[in-house]
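Chain order of the listed sequences is A and B. Okay, so the first sequence: first residue is 1 according to the UniProt record's numbering, each after it adds one. Okay, so the second sequence: first residue is 1 according to the UniProt record's numbering, each after it adds one. For every residue, glycine included, the Cβ atom is placed at its ideal position computed from N, Cα and C. Working notes for the structure below.
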Amino acid sequence: MLKHNFIHELKTLTRNRWMLFLGIIILVFFSFATFNGHQKVEKRALDINAAKQEVKDADQEMLMLIDSVERGMEVSAPYWTIPTSPMAVGNYHPRVAAMDPEPWAFIATGQSDLFTHYVKPTVAGDDHTLNYTEMTSPIQLLFGSFDISFVIIYLLPLIIVAFSYNILSSERENGSLRLLASNSISLQKWVIQKLAFRFLFVALVSILVLGGIFLIKGFDLFSNFGEFLSLVLVMLGYVLFWFVLAFIINISSGSSAKNAIVLLGLWVGLVLLVPSILNQLGNSIYPMPSRTLMINDMRQIKVDVSQKQDEILDNYLRDHPEYAINDTTENRSFYHRYMASQMLVKKELEPAVSEFEDQLKRQQQWLNQFKWLSPAILVQESMNHIAGTSTSDYESYRKQVSEFADIWRNHFMPLLYNNQKFSEADYKDLPSFQYKSKKTSVKANLLLLFVISLILGLTFGISHVIKGKKASMAMN
Amino acid sequence: MIRQTFLKEIKELLRDGRPRIALIIVGLLLLVAVWISARQYENTNAQYEIAKQTERGIWDGQSDKNPHSAAHFGTYAFKPKYPLSLLDQGVDKYAGVSIFLEAHNRNEAQFSAATDQTGLARFGDLTPDFILLFLVPLLIVLLGFNTFTKEGELGTLALLRSSTVPTWKLVLGKWMALFIPVLIISLILFGLAGAILSSLKDYGVFEWSSLFMMLLVYLLYYVIFINLVMVISFLSKRSGISLVTSLSIWILTCLAVPKIASTVAEQKYPYPTRQVFEAEVLQDKKSGLDGHNPWSKEAKLLEQKVLAEYKVDSLHQLPFNFDAYRMQKGEEHEAEVYFKHYKFLKEQYNNQSLVYQNLAVISPFLPTRFLSMAIAHTDYGTHWDFSDAAEKYRVATQKFLNDDFAKNSSYGDWSYRADASKWATLPPFEYQPSKLKAVLSQNATHFLILGIWTVLSFGVLFVTAKRI
């Protein structure tokens with residue numbers, strides 16, 4: 001009977017071209033999304049490379065300039081940019097601290113459209129207020145991008161709904177339900193078989209299409225197979241969830257139109273409303289401090305500090321006696337005072353600045369407790385993790401940059417306070433930045449995804465059986 | 001007959017549990033959304049007021065210092081929220097709220113709310129505009145998908161056909177049954193918003209005419225959706241098919257097309273990355289006068305020019321401090337460089353806007369989206385306007401400071417300090433967004449497209465419904 005059913009399904013579906021139509025839609029959506037994602041990631045990589053190349057070229061010029069100065073030649077650059085001064089190197093020749101894209105970055109735009117992917121922290125700059133936002137039109141951010149994650153989270157469920165809202169009801173409406181009921185197979189089993197067939201179809205087409213597009217795009221599937229597997233499993237888990245819902249609605253069915261309305265209501269609730277309500281609640285429970293008020297604080301601290309620059313410098317030098325010993329000239333310039341103050345400002349502002357990151361973390365933790373409420377959230381999070389474009393990836397990047405900014409600054413401090421010159425020999429010791437990608441496992445989310453479907457299916461199955469028994473008892 | 005059809009349809013809607021529940025849910029969501037937005041609005045503006053005053057206090061409270069030191073110390077321009085953001089938050093979440101105004105540099109607006117939110121925020125916020133733009137059309141689909149198909153399914157179609165009632169009366173009755181509930185919801189919401197906004201004191205100028213215009217935009221949007229849903233219901237054989245088709249239209253219009261549009265716009269007219277932009281600006285700055293560098297070629301040229309102009313042979317004989325004069329000229333050169341580069345950005349932005357306008361032909365969502373944001377002053381245009389105003393103020397501030405430096409000191413005198421009372425005489429930064437009339441004329445194309453959509457959809461409804 002199973003085989004028979006499958007063949008029958010295949011025939012009816014191919015005959016009314018539904019299958020072909022849906023197959024083509026999935027193909028078009030995924031192709032367009034992959035194409036977009038690829039372009040974005042390619043641009044990102046190109047931008048980073050261009051920035052690195054620019055630094056390389058500038059370094060050559062810098063070395064030539066140092067060479068000229070060391071040989072006592074006249075140079076045309078303004079004196080404060082001449083790279084024999086360590087502060088000139090630290091400020092005008094910063095390194096690129098880039099966040100290289102993960103191999104799977106193209107599947108989910110995530111937060112990548114909000115943030116820049118490379119910054120160049122300078123010695124004198126305010127690295128605690130480094131601007132990480134990218135120059136994008138906010139309209140783009142508002143509308144979002146058409147990426148694979150959008151297709152899977154928003155569109156696949158709708159395709160599934162369109163594909164399976166009327167399995168039982170159409171039989172009733174066509175008058176063939178009585179025929180069906182007179183068969184030896186139970187209705188539930190019959191619906192399950194029909195849905196299983198559709199599930200297999202949607203799953204197979206999606207996997208084949210995705211794999212195919214990736215291969216055509218020249219993407220190295222095999223060396224990144226683990227992530228591909230995660231991606232496919234996440235997608236399957238999500239597709240399965242929607243088919244389980246479709247099954248439940250079909251069995252407790254009304255008319256086709258009513259089924260469609262209920263399924264659609266579930267889609268609106270789970271994909272649109274639950275995430276935005278949770279987000280709103282997270283914001284209300286752990287409200288972000290005000291950035292505008294933070295600016296006030298920062299300004300006030302800077303005013304206070306600038307009024308006592310000499311005192312701060314004295315204190316700083318008292319804390320760092322090594323500079324007094326090494327430097328016999330005792331020459332104190334603008335930068336000596338400025339850097340000591342700058343470091344103090346940073347220290348004083350640190351609690352206020354880290355409050356933003358901490359609050360964000362608290363929000364995230366709170367949300368983690370409720371993310372099972374909507375599989376859409378689980379899928380979004382997992383895909384962002386696989387793509388390396390999640391909130392935590394960017395947080396990790398910011399942290400690494402902040403550490404690097406410290407390294408960069410501290411590299412020049414001894415040179416500055418010892419009043420040493422920057423020489424050609426010092427060039428090779430300049431620190432450089434290497435982004436370490438933060439691999440977040442999606443196993444927990446995956447498990448949760450399948451468990452939700454399982455629990456949903458089981459609860460419904462059991463309650464249905466109980467109801468059936470009650471009904472038959474009542475009949476007796 | 002129109003009234004009877006209308007009453008019958010409304011009765012049916014109310015009898016069926018699902019539309020009733022849907023109506024109640026949408027109503028409740030709207031109330032919650034308005035409440036949240038109103039709180040946010042008050043909060044943000046309270047913070048805005050504090051920040052503005054504190055920053056001005058910090059500026060005014062500067063001690064005796066060289067005007068150019070004050071220029072480097074700089075000040076901040078803060079962007080307020082405007083009253084109608086209560087209904088449409090637009091791009092506010094993605095645009096920065098503060099601009100640092102300093103010597104030599106035009107800075108971008110910093111600190112958008114979106115960067116301080118979790119990834120979940122990208123699903124969208126529970127704001128009135130989300131409900132008005134996405135959920136109400138969906139509600140229309142739910143209420144209206146079977147308005148004609150049910151006649152066929154219940155077998156009443158034959159009855160209708162045999163009656164002598166003109167078709168248009170029937171169609172109009174059904175149309176009203178869809179429009180009136182939506183109209184009531186909208187009226188309640190906009191009335192509520194108006195009441196809240198006019199009761200809040202001190203915060204921005206709220207105008208009923210803007211609110212009314214916004215209501216009109218949304219009503220047109222809903223009319224278009226009602227017409228489309230009715231046409232589809234008329235052409236479909238079964239309710240299920242009608243529902244799925246209407247839904248596909250909804251998905252395409254509200255979800256897919258905006259994303260496709262933004263993708264196309266970005267690919268065709270990309271912005272440079274922040275770093276590239278800054279590098280290019282720096283390059284252009286270097287090719288001109290640097291106020292801090294008296295040894296450059298440009299500085300020497302300026303020197304000769306000024307000496308010739310005043311017919312003196314030494315900078316010391318000039319009636320003003322040439323250092324400050326050079327600073328000012330350098331500032332003007334830098335302002336020009338920024339003007340040029342921001343002009344390019346603006347061109348890209350205008351081209352992107354054209355992409356959105358062109359795609360509005362296939363999605364009434366787009367013109368509605370843009371009109372609503374524009375009327376609420378939460379659109380990208382207002383942000384541009386604000387940042388241009390801040391830049392103008394920055395340039396004027398630099399002139400104010402450099403002029404003082406030039407007038408009150410002599411050449412070479414970098415130790416000059418302006419009196420502490422000087423800072424308070426700098427005029428404050430004021431920004432007023434454009435008036436409703438200007439906004440509407442700027443967005444005339446969107447209105448036109450929305451109008452065409454309305455007329456065409458009525459036309460199609462009229463033509464199809466003739467053949468009942």
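Proximity of residue i and residue j at Cβ, strictly below 9 Å
i, j, result
"residue 126 of chain A", "residue 345 of chain A", "yes"
"residue 144 of chain A", "residue 259 of chain B", "yes"
"residue 107 of chain A", "residue 187 of chain A", "no"
"residue 120 of chain B", "residue 282 of chain A", "yes"
"residue 267 of chain B", "residue 39 of chain A", "yes"
"residue 234 of chain B", "residue 215 of chain B", "no"
"residue 388 of chain B", "residue 342 of chain B", "yes"
"residue 338 of chain B", "residue 264 of chain B", "no"
"residue 115 of chain B", "residue 115 of chain A", "yes"
"residue 138 of chain A", "residue 380 of chain B", "yes"
"residue 74 of chain B", "residue 103 of chain B", "yes"
"residue 140 of chain B", "residue 178 of chain B", "yes"
"residue 293 of chain A", "residue 53 of chain B", "no"
"residue 386 of chain A", "residue 102 of chain A", "yes"
"residue 450 of chain A", "residue 401 of chain A", "no"
"residue 363 of chain A", "residue 36 of chain B", "no"
"residue 345 of chain B", "residue 135 of chain A", "yes"
"residue 203 of chain A", "residue 161 of chain A", "no"
"residue 427 of chain A", "residue 57 of chain A", "no"
"residue 271 of chain A", "residue 374 of chain A", "yes"
"residue 86 of chain A", "residue 420 of chain A", "yes"
"residue 146 of chain B", "residue 257 of chain A", "yes"
Sequence-distant residues of its chain with Cβ nearer than 6 Å to residue i (five each side left out)
i, result
"residue 316 of chain A", "340"
"residue 182 of chain B", "222"
"residue 359 of chain A", "286, 288"
"residue 26 of chain B", "135, 139"
Nearest-angstrom Cβ-Cβ length linking residue i and residue j, presumed shorter than 8 Å
i, j, result
"residue 531 of chain B", "residue 378 of chain B", "Because chain B here runs from 1 to 468, residue 531 of chain B falls outside it and cannot be looked at."
"residue 87 of chain B", "residue 376 of chain B", "6 Å"
"residue 224 of chain B", "residue 453 of chain B", "5 Å"
"residue 259 of chain A", "residue 251 of chain A", "Not confirmed; about 10 Å, so no contact."
"residue 422 of chain B", "residue 404 of chain B", "6 Å"
"residue 49 of chain B", "residue 174 of chain B", "51 Å between Cβ atoms; not a contact."
"residue 123 of chain B", "residue 164 of chain A", "Rounded, the Cβ-Cβ distance is 24 Å, inconsistent with contact."
"residue 322 of chain B", "residue 431 of chain B", "The Cβ separation is near 34 Å, so there is no contact."
"residue 148 of chain A", "residue 33 of chain A", "5 Å"
7 Å Cβ shell around residue i - same chain, five flanking residues per side excluded
i, result
"residue 417 of chain B", "64, 65, 66"
"residue 299 of chain B", "289, 293, 326"
Interface residues of chain D facing residue i [CB-CB closer than 9 Å]
i, result
"residue 45 of chain A", "The structure shown contains no chain D; its protein chains are A and B."
Same chain only: Cβ atoms within 8 Å of residue i, ignoring 5 sequence neighbours per side
i, result
"residue 75 of chain A", "65, 68, 69, 82"
"residue 88 of chain A", "80, 81, 82, 422"
"residue 155 of chain A", "29"
"residue 141 of chain A", "113, 114"
Residues within the region 382-416 of chain A neighbouring chain B, beta-carbon criterion of under 7 Å: Answer in chain order: 384, 390, 391.
Chain-ordered residues of the region 296-317 of chain B with a beta carbon less than 7 Å from chain A: Taking 7 Å as the upper bound on Cβ-Cβ separation, chain A lies near no residue of the region 296-317 of chain B.
At least three beta-carbon pairs within less than 8 Å, the region 159-169 of chain B to the region 245-262 of chain B: The region 159-169 of chain B, when compared against the region 245-262 of chain B, does not touch it at the 8 Å Cβ threshold.
Three-pair Cβ contact test at 8 Å for the region 242-255 of chain A versus the region 449-463 of chain A: Because the criterion of three Cβ pairs below 8 Å is met, the region 242-255 of chain A and the region 449-463 of chain A touch.
The region 377-385 of chain A / the region 416-425 of chain A touching (three or more Cβ pairs under 8 Å): Result no; under three Cβ-Cβ pairs closer than 8 Å.
Chain B contacts from the region 360-376 of chain A (Cβ-Cβ distance under 8 Å): Flagged, chain order: 360, 363, 364, 367, 376.
Three CB pairs or more closer than 8 Å across the region 94-111 of chain B and the region 73-83 of chain B: Contact between the region 94-111 of chain B and the region 73-83 of chain B is present: three or more C-beta pairs spanning the two stretches fall below 8 Å.
Within 8 Å of chain B by C-beta, residues of the region 91-116 of chain A in sequence order: Of all residues in the region 91-116 of chain A, 110, 111, 114, 115, 116 have a Cβ within less than 8 Å of some Cβ in chain B.
Contact the region 226-245 of chain B vs the region 144-155 of chain B: 3+ CB pairs below 8 Å: Yes, since at least three Cβ pairs between the region 226-245 of chain B and the region 144-155 of chain B fall closer than 8 Å, the two stretches touch.
Where the region 76-94 of chain B meets chain A: residues whose CB sits under 7 Å from a CB there: Near chain A, meaning a CB-to-CB distance below 7 Å, the residues of the region 76-94 of chain B are 76, 78, 91, 94.
Residues, ordered as in the chain, of the region 255-276 of chain B that lie near chain A by beta-carbon distance below 8 Å: Contact residues of the region 255-276 of chain B toward chain A are 255, 256, 258, 259, 260, 261, 262, 263, 265, 266, 267, 270, 271, 272, 273, 274, 275, 276 (C-beta to C-beta distance below 8 Å).
Interface residues of the region 191-214 of chain B facing chain A [CB-CB below 9 Å]: Taking a C-beta cut-off of 9 Å against chain A, none of the residues of the region 191-214 of chain B qualify.
Chain-ordered residues of the region 121-139 of chain B with a beta carbon less than 8 Å from chain A: Residues 121, 122, 123, 124, 125, 126, 130, 134, 135, 138.
Near-chain A residues of the region 231-242 of chain B - C-beta to any C-beta below 9 Å: Answer in chain order: 238, 239, 240, 241, 242.
Contact set between the region 160-172 of chain A and chain B, restricted to residues whose Cβ is under 9 Å from the partner: Contacts with chain B (Cβ-Cβ distance below 9 Å) from the region 160-172 of chain A involve 161, 162, 165, 166, 169, 170, listed in chain order.
Chain A contacts from the region 42-59 of chain B (Cβ-Cβ distance under 7 Å): Result list: 47, 48, 50, 51, 54, 55, 58.
Proximal residues, the region 424-456 of chain B versus chain A, C-beta separation under 9 Å: From the region 424-456 of chain B, no residue has a Cβ closer than 9 Å to chain A.
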